[in-house]
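Engineer: Mind looking over this structure? Questions follow.
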Amino acid sequence: MSSINNTSELEIPQGLKFEDAIVKLNQIVERMESTDVDLDKMIENYQSGLSLLKFCQKKIQEAEFKLTELNAVDLEQN
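Going by the working numbering, the sequence shown opens with residue 5, and the numbers climb by one from there.
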């Protein structure tokens, strides 16, 4: 039986762009929807997908915060 890595998050490559993360996430979903994936690989895919999802959520939150800041500055100037 192969061992399963119990880390809840896998390392995200430094400099990964949001759009590239979405592409990778879609690829993982396609692999997971395949009937040819064994359980260990499915768990690995799930862990990778979860890490990418958290990365994307963080990027969206950062963008929302930045836009909120910019709007506040714009309102102060007017």
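Glycine residues also receive a C-beta, built at the ideal position from the N, C-alpha and C atoms.
Quick check on the burial criterion: 16 or more other C-beta atoms within 10 angstroms. Buried or exposed for L43?
Structural biologist: As a working mapping, residue 43 is identified with position 39 in the sequence shown. Burial call: exposed.
Engineer: Do A25 and L71 have their C-beta atoms closer together than 8 Å?
Structural biologist: Counting from one through the sequence shown, the residue named residue 25 turns up at place 21. Counting from one through the sequence shown, the residue named residue 71 turns up at place 67. Cβ atoms of A25 and L71: not closer than 8 Å.
Engineer: Should G53 go down as buried or exposed, given a rule of 16 or more other Cβ atoms within 10 Å for buried?
Structural biologist: Here residue 53 refers to the residue found at position 49 of the sequence shown. Buried, since its Cβ has 16 or more Cβ neighbours within 10 Å.
Engineer: DSSP three-state label for G53, please.
Structural biologist: Within the sequence shown, numbered from 1, the residue matching residue 53 stands at position 49. Three-state result, G53: helix.
Engineer: Please report the Cβ distance between C60 and L29, rounded to the nearest whole angstrom; I am assuming they are in contact, meaning their Cβ atoms lie under 8 Å.
Structural biologist: Working through the sequence shown from its first residue, we reach residue 60 at position 56. Working through the sequence shown from its first residue, we reach residue 29 at position 25. About 7 Å; that satisfies the 8 Å criterion.
Engineer: Count the other CB atoms within 10 Å of the CB of I32; is the residue buried (16 or more) or exposed (fewer)?
Structural biologist: For this step, residue 32 is matched to residue 28 along the sequence shown. By the neighbour-count rule (16 or more Cβ atoms within 10 Å), I32 is buried.
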